[in-house]
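Working notes for the structure below.
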Amino acid sequence: MDTLGVVATALWAMLPAYVPNNAAVLAGGGRPIDGGRTMGDSRLLGDGKTWRGTAAGTLAGTLVALGLNAAGPAVSELVGHSLPSFPLLAGVGLALGAMLGDIGASFLKRRSGRKRGAAFPGLDQLDFVVGALACAFVLAPVWFGTTFTLPVLVVVVVATPVLHVVTNGIAYLLGLKNEPW
Ligand code: CTP
Ligand code: MG
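The working numbering puts the first residue of the sequence shown at 10, with every later residue one more than the last.
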């Protein structure tokens, strides 16, 4: 596969994982997942991880995957490369995994004494990537193996933090997020 094909595949395949966190920011609120419970001196997850945000994010990412399936043939022709389509379980895995990765990161942040909204460089940018890839691997292993070849994985791990910083910066400037990370 040529370089353009690898980059296009990586971004396309990760789109259902990029959207959930942003959807959660827009739709979040209501009951926190941890129900206010604490572990030690800190909240288990904190008020920033809600049932509504998690459900909305998972749904949004899954719908993006279905939308990409519809747009795939036309866009593939445009970029001159056959882009992957998403079996339902692959879409759900990427979307739900992105949310779970983010939730796992909040768990670690609270354990390390970081308050809600505190930055954890590195973890903030890659938590949802690890979650999405792991969950997609579990729910759709064959699809995962054919889609995420080693070069594609390398592009995902390098390009995602950059995209994440840019999109969160924009969300912050638009007043949608309280912090630019
Ligand atoms: N959000 C949500 N449910 C999730 C993830 C996010 O409701 N599973 C919403 C919350 O309103 C949250 C906002 O999106 O405040 C921003 O998400 P994020 O930056 O992940 O949460 P923080 O509030 O910064 O909390 P944390 O320190 O735990 O990351
Ligand atoms: Mg945050």
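Here a beta-carbon is modelled for each residue, glycine too, at the ideal position from N, C-alpha and C. Quick caveat: nothing in here was measured; it's all calculated off a predicted structure.
Closer than 8 Å: residue i CB and nearest ligand 2 heavy atom
| i | result |
| --- | --- |
| K186 | yes |
| G57 | yes |
| D43 | no |
| D136 | no |
| W190 | yes |
Proximity of residue i and residue j at Cβ, strictly below 9 Å
| i | j | result |
| --- | --- | --- |
| L185 | Y27 | no |
| A104 | A80 | no |
| D43 | L54 | yes |
| V166 | V138 | yes |
| V15 | T67 | no |
| A17 | V73 | no |
Cα-Cα separation, residue i to residue j
| i | j | result |
| --- | --- | --- |
| S94 | A168 | 20 Å |
| M23 | S51 | 33 Å |
| H90 | K118 | 40 Å |
| A114 | W190 | 13 Å |
Closer than 8 Å: residue i CB and nearest ligand 1 heavy atom
| i | result |
| --- | --- |
| V34 | yes |
| A127 | yes |
| T114 | In the sequence as displayed, the identity of residue 114 is Ala instead of Thr. At least one heavy atom of ligand 1 is nearer than 8 Å to the Cβ of A114, so yes. |
| N78 | no |
| R46 | no |
Opposing strand residues paired with residue i [DSSP bridges]
| i | result |
| --- | --- |
| R52 | T47 |
| P41 | T59 |
Opening and closing residue of the alpha helix (DSSP H) in which residue i lies
| i | result |
| --- | --- |
| F116 | 97-120 |
| G140 | 132-148 |
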